[in-house]
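First comes the structure, then the notes that go with it.
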Amino acid sequence: MKKNFFVTTPIYYPSGNLHIGHAYTTTLADTISRYKKENGYDVFFLTGSDEHGQKIEQKAKENNLEPKQYVDQIVKGFINLWKILDIDYDRFIRTTDEDHIFAVREIFSDLLQKDLIYPSSYKGKYCISCEEFLTSEQMDENLQHLVCGNKAIDFEEETYMLRVSNFQKYLQELFKTDFLEPEARKKEMLNNFINNDLEDLSVTRVSFNWGIQIKENPKHVIYVWLDALSNYITALGYKTKDESLLKKFWSKDSEVLQIIGKEITRFHSIYWTVMLNSLGLKTPDKLLSHGWILSGDKKMSKSIGNVLDPVEIINNYSSDALRFYIINNLPTDKDGNFTNELFIESFNNNLANNIGNLISRVSNMIIKYFDGKLNKIDVSSHWLVKKGFETIKEYKKLMDSYNMSEATQVVLRLGQECNKFIEDSKPWVLEKEQKIDQLLEVLTVLQKNIIIISYLLKPILVKSYPSMIKQMGLNPNLITFENIEGDFDHEKITEKLVLFERIK
Ligand code: MSP
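Here my numbering is used: position 254 in the sequence shown is 257, and no number is missing along the way.
Set out below in C-alpha cells:
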C-alpha cells in the first residue's frame, strides 16, 4: 500500500503582505513534501489564509473596503508569492471558503452538544493586534505584549468557553511523547501552561462581526483560533459529504507533519490537540515548532516593520537561491538571521563555488577529454563513490527526522570532497601523461557523485535541478532513490552551462 503524508503550514493572516518569515515555514513544508514524493509517498500539502477577526475588520475599514474585498486583494499576493517561490501545494484554504465555514459551525455545535463548550463570560488582558488574551508571562511591566510590543487592554465580554482544563491529564501524557519538537518547547508549555492552572479557552466574540456566526446564538462569532485551527481538517472535507481525503490523510495510515513558528506553539500543542481529542481524531505525528528569523535581535514581523520582501529577493536573485538559504542556513531548532550579506555569502560559497563550480569543471572535462560522453566502467567500489552512497543514507536519515538544514550540509560536504578530489587527482596531468584509464575512472567517479548531489538537492533547487542533471547527460525524470546507485545510459553533453553564477 502506498504511504500517505500530510504536511501543513499555519494559515497566514492577510493583514498585509507576506514576508520572509512566512516564506520560511512554507519553504520547509514544500521541501519536505517534495522529498516525501521522491520516496513514493502520496502527499497532501496544505497552506492558506486566516481571514476573519477584528484586526482584518479594522484593516479593511482603514482601506475603505469590505473585509472580503480587502482580503481578496491581499490573498492574491499570497498566491503569487507561492507561485514564484515554486510552492507546490494541494490546497490553498481560505477561512472564508464555504466548506470551511460550514464545517466550523458543525464542529462548534458538536463540541457544544458534548458540553466541551459552554456559555460564560471572560475578563482579562487582551492584545488586539494578536487577538489573544494574555497571561502575565506574556507581558512586560508596562502590559506590553512581549511578541508584538502592543499594549494589552482590559476586556470583558460574554463568550463561550472550551473546557481545556478538563484535559490536563491528557496533555501531560501527550507531552511525554515526542510529538512536539524541539524538546525545549515541551518544557516551556508544561511549565507555563499545562502544569500551572490550565485555563479554559474563550472561543467566541460578541465585539466584532467579521467571523463565522454560530448557529446557536447569532450574536457570537467564532474566535479566530477555533476557526483557524479547524482548517487543517476542514480542508480535507471534515463534516462534509465527502470525507475521503480526511480518511486518507488524517488517519493512522498517514504521517501528519504540522510546521509552525514557535509563537503559536501553545495554540497548536494545547488547544488544537484538545480539539482533536474532543472530536475523536488523532494528534499530529509531529508538530515542528521552528525558531524565528530575527532582524537584529528582534523577531522579523509586520507590526515591528523590520521585514524583508521575498518577492524582491526572488526577482533580484532566484527562487532557488531563496529556497536554498532558507533550508541550509536556518536550522529549525534555533532562531536565525536573514540579511543580504549573509544571503550572498551563502550563495557564493555553497552554490557558486562549491556545487556550481564542481558541475562545470566536470562537465567541461568530459566534453574536452571524452567528447562529451564517458565509456561505461564499474566504479562502485571506489572510496569516493562509497562515500556518495553513504551520503544518501545519512541525508535520508536527517530528512526523515526533518533536519533539513543538516541534511543539506551533508550534501554540501560531499561536494567539497569532490572538489578536493579533483585537486588531488589532477585530471589535466593524467590527460597530459595519457593515463586515459585513470582519467576515465576519476571523471566517472565525479559524475556519479554529481548525480547524487543534484538528486539530493532536487527538493530545494526546483528550477536548477533539470540543468544540473542535463550537464551529466541525463534526463532529470529518470533518477529515483531506487535506481540512483545503479548505472545510467548517458547522452553526449555538448553545452557548457554556467550554473549558480557568483553574485557580485
Ligand atoms: N493566522 C495565524 C496562524 C493560524 S494557524 C491555524 C498566524 N498568522 S501569521 O500571519 O501571524 O503567521 C505566523 C506564522 O508565520 C508563524 O507561526 C511562522 O510560521 C511564520 N512567521 C512569521 N514571522 C516569522 C519570523 N520572523 N520567523 C519565523 N517564522 C515566522 O499566526
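For glycine and all other residues, C-beta sits at the position ideal for the given N, C-alpha and C. All values reported here derive from a predicted model rather than from experimental measurement.
Legend entry - Straight-line Cα distance separating PHE346 from GLY299: The alpha-carbon of GLY299 is positioned some 15 Å away from that of PHE346.
Inset, instruction - May I ask you to report which of helix, strand or coil DSSP gives VAL10? - result: Under the three-state reduction of DSSP, VAL10 is assigned to strand.
Inset, instruction - Count the C-beta pairs between the segment 417 to 426 and the segment 358 to 371 that are closer than 8 Å, then say yes if the count reaches three, no if not. - result: These segments touch.
Inset, instruction - May I ask whether a heavy atom of the ligand MSP can be found less than 7 Å away from the beta carbon of MET142? - result: MET142: no, Cβ never under 7 Å from the ligand MSP.
Inset, instruction - Could you tell me the boundaries of the alpha helix (DSSP H) in which PHE25 lies? - result: In the sequence under discussion, the amino acid at residue 25 is His, which differs from the Phe named in the question. Counting along the chain, the alpha helix (DSSP H) containing HIS25 begins and ends at 23 to 41.
Legend entry - Continuous beta strand (DSSP E) stretch holding VAL2: start and end: A question about residue 2 goes unanswered here, because the residues of the chain that appear run from 4 up to 507.
Inset, instruction - For my contact list, THR243 and ASP102 are in at a C-beta cut-off of 8 Å; report their separation, rounded to the angstrom. - result: About 6 Å separates the beta carbon of THR243 from that of ASP102, a gap short enough to meet the 8 Å contact definition.
Legend entry - Same chain, Cβ closer than 8 Å to LEU477, neighbours up to 5 away in sequence not counted: The residues are ILE454, PHE491, HIS493, GLU494.
Inset, instruction - With a cut-off of 8 Å on the beta carbons, I'd call LYS126 and LEU137 a contact; round off their distance for me. - result: Actually they are not in contact, since the Cβ atoms of LYS126 and LEU137 sit about 13 Å apart, beyond 8 Å.
Inset, instruction - Please say whether PHE95 and ILE82 have beta carbons closer to each other than 8 Å? - result: Result yes, Cβ atoms of ILE82 and PHE95 sit closer than 8 Å.
Inset, instruction - Using the DSSP secondary-structure output, state which residues sit across from GLU160 in a beta bridge. - result: Partner residues in the beta bridge of GLU160, as assigned by DSSP, are TYR125.
Legend entry - Alpha-carbon spacing of PHE341 relative to LEU291, whole angstroms: Near 20 Å, if we compare the C-alpha coordinates of LEU291 and PHE341.
Legend entry - Proximity test, HIS25 beta-carbon vs the ligand MSP heavy atom, cut-off 7 Å: Yes, Cβ of HIS25 sits closer than 7 Å to a heavy atom of the ligand MSP.
Legend entry - Test item: CB-CB of ILE225 and PHE111 under 8 Å: Yes.
Inset, instruction - Would you give the residue range spanned by the beta strand (DSSP E) that HIS293 belongs to? - result: Here the beta strand (DSSP E) through HIS293 covers 289 to 293.
Legend entry - Whole alpha helix (DSSP H) elements within the segment 439 to 464, 4-residue minimum: The segment 439 to 464 contains these whole alpha helix (DSSP H) runs: 439 to 460.
Inset, instruction - Keeping to the same chain, check which residues put their C-beta closer than 6 Å to that of THR30; ignore five residues upstream and five downstream. - result: Around THR30: ARG326, ILE329.
Legend entry - Cβ pair count under 8 Å reaching 3, the segment 227 to 246 against the segment 263 to 276: They touch, by the three-pair rule.
Inset, instruction - Within 10 angstroms of the Cβ of ASN145, are there 16 or more other Cβ atoms? Answer buried if so, exposed if not. - result: Answer is exposed; the Cβ neighbour count stays below 16.
Legend entry - Contact test: GLU266 Cβ vs the ligand MSP heavy atom, cutoff 7 Å: Yes, Cβ of GLU266 sits closer than 7 Å to a heavy atom of the ligand MSP.
Legend entry - Within 8 Å, strictly: CB atoms of VAL413 and THR394: The answer is yes: Cβ separation under 8 Å.
Inset, instruction - Kindly examine the ligand MSP and report whether one of its heavy atoms sits closer than 7 Å to the Cβ of ASN318. - result: No, Cβ of ASN318 sits at least 7 Å from all heavy atoms of the ligand MSP.
Legend entry - Contacts around LEU508, its chain only, beta-carbon distance under 6 Å, and the 5 residues preceding and following it disregarded: Because the chain is modelled from 4 through 507, residue 508 falls outside the range shown and cannot be assessed.
Legend entry - Inter-residue spacing [alpha-carbon to alpha-carbon] between PHE8 and ASN452: In this structure, the CA atom of PHE8 is about 29 Å from the CA atom of ASN452.
Legend entry - Nonlocal neighbours in the same chain, by C-beta distance under 8 Å from GLU266, ignoring five residues either side: Shown here for GLU266: same chain residues with a beta carbon closer than 8 Å to its own, the five before and five after excluded, namely VAL150, TRP295, LYS302 in chain order.
Legend entry - Three-state secondary structure (DSSP) of LEU183: Per DSSP, reduced to three states, the secondary structure at LEU183 is strand.
Inset, instruction - Alpha carbon to alpha carbon, how far is TRP253 from VAL517? Give it in angstroms, no decimals. - result: Not covered by the structure: residue 517. The range shown for the chain is 4 to 507.
Inset, instruction - Determine contact between the segment 193 to 205 and the segment 167 to 176, defined as no fewer than three beta-carbon pairs at a distance below 8 Å. - result: Yes, they touch.
Inset, instruction - Give a yes or no on whether the C-beta atoms belonging to SER457 and LEU500 are separated by under 8 Å. - result: For the pair SER457 and LEU500, the CB atoms are not nearer than the 8 Å cut-off.
Inset, instruction - Under 6 Å Cβ to Cβ from VAL227, same chain only, skipping five residues before and after it: list those, please. - result: The answer, listed in chain order, is HIS55, GLY56, GLU134.
Legend entry - Beta carbon of PRO313 nearer than 8 Å to that of LEU88: LEU88 sits close to PRO313, with the two beta carbons spaced by under 8 Å.
Inset, instruction - Determine the extent of the alpha helix (DSSP H) in which LEU3 is found, giving its start and end residues. - result: The shown model of the chain, from 4 to 507, leaves out residue 3, and the question about it has no answer.
Legend entry - Delimiting residues of the beta strand (DSSP E) encompassing THR394: THR394 -> not in any beta strand (DSSP E); alpha helix (DSSP H) instead, spanning 386 to 403.
Legend entry - Segment limits, beta strand (DSSP E) that includes GLN261: Residues 257 to 264.
Inset, instruction - Consider the C-beta atom of ASN234 and the heavy atoms of the ligand MSP; say whether any pair is separated by less than 7 Å. - result: It does: the Cβ of ASN234 is within 7 Å (strictly closer) of some heavy atom of the ligand MSP.
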